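Novice: Before I ask anything, here is the structure I am working with.
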């Protein structure tokens, strides 16, 4: 008897170990998609205060009311869109938000339009639910590509976006979202937008479909506090959605996770109520790193668009190597570890490498200069 379900047994989980191989300890690892900075001190303070008060019990499945209200206020202030507290769900990280949303919206055999290149975790979640994905190419050979929805299935149930994008660092513009929203309205589709890296942009926000007329009614916002507060291991994110969808997401969460980490909810609440005073320094740090990557990589013949947000660069190579071979070459020759564009980020990732700008700037400078020398 087969012990594993078919959906799990057939699920492809990619590993960077093939690239790392026997990489020596002196290699600089630029594969890690999390900030290298310490946790936000206000979040830490809020967590410690919650511990002192013994606030360690289950919360409501949808999260503590104070945090949901604070998030509604934050979204209203920054995006001029109104959410009631029952339209916001606190989740176990952005990944928990994504999976609960997909569970609430999709049936086996449904179709999804997925922004490409894609984050492997997005595709994997769709595959686990046995949903067929169709790529919406937004980046090609090192540069953003004009949105073209022709040929994509009109019977897809969702359009799944990521902005700022992982792996490209590109931000979808309002004109892109207008075209996507128009397509979704014509075909009665729901738009999911993962904006986990929104705080790591020059303005601390990104264009969203909810800012457009009719956008809120068919958009699910997936948010995360992991990157902006440098608390990836504490697993806390959120969903903002139309009430009917939010109720469905809450049902899914109550089945597989109950609630997000209680003390982390209080830590995030304290930071939100404080106005996130540490965000400007965080944004400035990653802006400097993106500019450094642009400065060094632009000296080469690489095709490369300066990343607009987040902490990834995604240059395109024309060296005749496969992406895995190229990444191995950089490990051996430059002592730098990167992620191959293909297969990790889908067919539109082919020819690229993802470089995580998650090392101190001096270390990052050494790594990028070493790469340039051997390209």
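Residue numbers (the numbering used here): 69 to 443.
Ideal Cβ positions, reconstructed from N, Cα and C, are used throughout, including at glycine.
All values derive from a computational prediction rather than experimental measurement.
1) Tell me whether the region 300 to 317 and the region 78 to 88 touch, counting them as touching only if at least three CB pairs, one residue from each stretch, are closer than 8 angstroms.
2) Report the rounded CA-to-CA distance for residue 429 versus residue 239, giving the unit in angstroms.
3) Could you have a look at residue 247 and say whether DSSP puts it in helix, strand or coil?
4) In this structure, does DSSP put residue 202 in helix, strand or coil?
5) Using 8 angstroms as the threshold, is the C-beta distance between residue 99 and residue 304 below it?
6) Mapping the DSSP letters down to three states, classify residue 165 as helix, strand or coil.
7) So, using beta-carbon positions, are residue 210 and residue 424 closer together than 8 angstroms?
8) Among the candidates 324, 378, 195, 111, whose CA atom is the shortest distance from the CA of residue 180?
9) Out of 164, 361, 276, which has the shortest C-alpha to C-alpha gap to residue 437?
10) Suppose contacts are defined by Cβ-Cβ distances below 8 angstroms. Is residue 192 in contact with residue 79 by that definition?
11) Considering only C-alpha positions, which residue in the set 367, 422, 386, 375 is nearest to residue 440?
12) Compare the Cα-Cα distances from residue 152 to each of 220, 141, 271 and report the closest residue.
13) Considering only C-alpha positions, which residue in the set 187, 91, 346 is nearest to residue 107?
14) Alpha carbon to alpha carbon, how far is residue 341 from residue 335? Give it in angstroms, no decimals.
15) In angstroms, rounded to a whole number, what distance separates the CA positions of residue 172 and residue 386?
16) Can you give the beta carbon distance from residue 277 to residue 245, rounded, assuming they're within the 8 angstroms contact cut?
Specialist: Taking the definition as stated:
1) no
2) 23 angstroms
3) helix
4) strand
5) no
6) helix
7) no
8) 195
9) 361
10) yes
11) 367
12) 141
13) 346
14) 10 angstroms
15) 42 angstroms
16) 5 angstroms
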